[in-house]
Amino acid sequence: MKKILPLLFLLLAVPVMAQKSQPAFKSGEWLKFRIHYGLLNASYATLHLSSETLDSIPVYHVVGSGKTTGFASIFFKVDDTYESYFGRRNGKPYKFVRKIDEGGYTKDIEINFHYDEKKAVLNDYKNGTQMDIPVHDQVQDLISASYYLRSNYNLEEFEEGQTINLDMLFDDDGVFQFKLKYLGKEVIRTKFGKVECLKFRPYVQSGRVFKEKESLTLWVSNDLNKIPIRIKADLAVGSLKADLEAYNGLRNQFKIIMN
Numbered sequence: 004m005k006k007i008l009p010l011l012f013l014l015l016a017v018p019v020m021a022q023k024s025q026p027a028f029k030s031g032e033w034l035k036f037r038i039h040y041g042l043l044n045a046s047y048a049t050l051h052l053s054s055e056t057l058d059s060i061p062v063y064h065v066v067g068s069g070k071t072t073g074f075a076s077i078f079f080k081v082d083d084t085y086e087s088y089f090g091r092r093n094g095k096p097y098k099f100v101r102k103i104d105e106g107g108y109t110k111d112i113e114i115n116f117h118y119d120e121k122k123a124v125l126n127d128y129k130n131g132t133q134m135d136i137p138v139h140d141q142v143q144d145l146i147s148a149s150y151y152l153r154s155n156y157n158l159e160e161f162e163e164g165q166t167i168n169l170d171m172l173f174d175d176d177g178v179f180q181f182k183l184k185y186l187g188k189e190v191i192r193t194k195f196g197k198v199e200c201l202k203f204r205p206y207v208q209s210g211r212v213f214k215e216k217e218s219l220t221l222w223v224s225n226d227l228n229k230i231p232i233r234i235k236a237d238l239a240v241g242s243l244k245a246d247l248e249a250y251n252g253l254r255n256q257f258k259i260i261m262n
């Protein structure tokens, strides 16, 4: 679960490839997801976007939180919070916060990005340590990456099988290269009705957690919002599924196929 949940938060936030001429999100957007592990309703996760100012810089502030519920919390208690502050004009992350408690595995880190010095300063409050990590001006954090993709890629220029590579920093492991492959379009059934989606394959490291490097699949609404609708993961033990449960404050109309 230590490796699953960070990736899950990334994918819950990764609505990709909006039209550059039409913004895909606005302040006030709120998304809620129901996460299943096997037959268990394991947890809920939410993402809330607001507008703020950080050190005189106009930023969007995203708060992502996730908690196990009900029967699942007896076996594995999770209480995670992720925060990102990224520029409203340039999409660059300026501050990232990760506070997690996953069955006793805890982290409390804050990353501040200093582009003029080509570094990010990571403060580990749990262990009382600090480290500098070299970065470039195109790096993203775990949460800001999704909104950057929504604002900077145009799907009309993509073909099936084409991939996106994006450098991200969200932990003391250093910069991580995230790779996402476009698989085409698919209509799926949801609690809201049938939704036409764009289908993607995020690449992960196979081994202890995932069965193979292509064990994750992501479906994103094929409308101007580009919000995640469903995520499926084949794990080394069992399977995981996350579905959009509720939403509010979308910038554009959520398209549902009525028939």
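Under my numbering, residues 4 to 262 are what the sequence shown spells out, in order. Ideal Cβ placement from N, Cα and C applies to all residues, glycine included.
When the beta-carbon positions are compared, P96 and Q143 come within less than 7 Å of each other. With contacts defined by Cβ atoms closer than 7 Å, V124 and N130 do not form a contacting pair. G187 sits close to E163, with the two beta carbons spaced by under 7 Å. In this model, H51 and E120 are separated by some 30 Å (Cα to Cα). Listed in chain order, the non-local C-beta contacts of E55 below 6 Å within the same chain comprise V62, H64, local neighbours out to five positions each way being set aside. Counting the other CB atoms within 10 Å of its CB gives I260 a total below 16, which places it among the exposed residues. At least 7 Å separates the beta-carbon of K35 from that of E199. Apart from sequence neighbours up to five positions away, the residues of its chain that approach N255 with a beta-carbon distance below 6 Å are L227, N228, ordered along the chain. By the neighbour-count definition (other C-beta atoms within 10 Å, threshold 16), V190 is an exposed residue. As the crow flies, the alpha-carbon of W222 is around 27 Å from that of K80. According to DSSP, L57 shares a beta bridge with I60. Residues of the same chain with a CB within less than 6 Å of the CB of S68, apart from the 5 flanking positions on each side, are T49, T84 in chain order.
At least 7 Å separates the beta-carbon of D111 from that of D82. Runs of the beta strand (DSSP E) lying entirely within the segment 66–95 and spanning at least 3 residues, in chain order: 81–90. Burial check for P137: the Cβ neighbour count within 10 Å stays below 16, so the residue is exposed.
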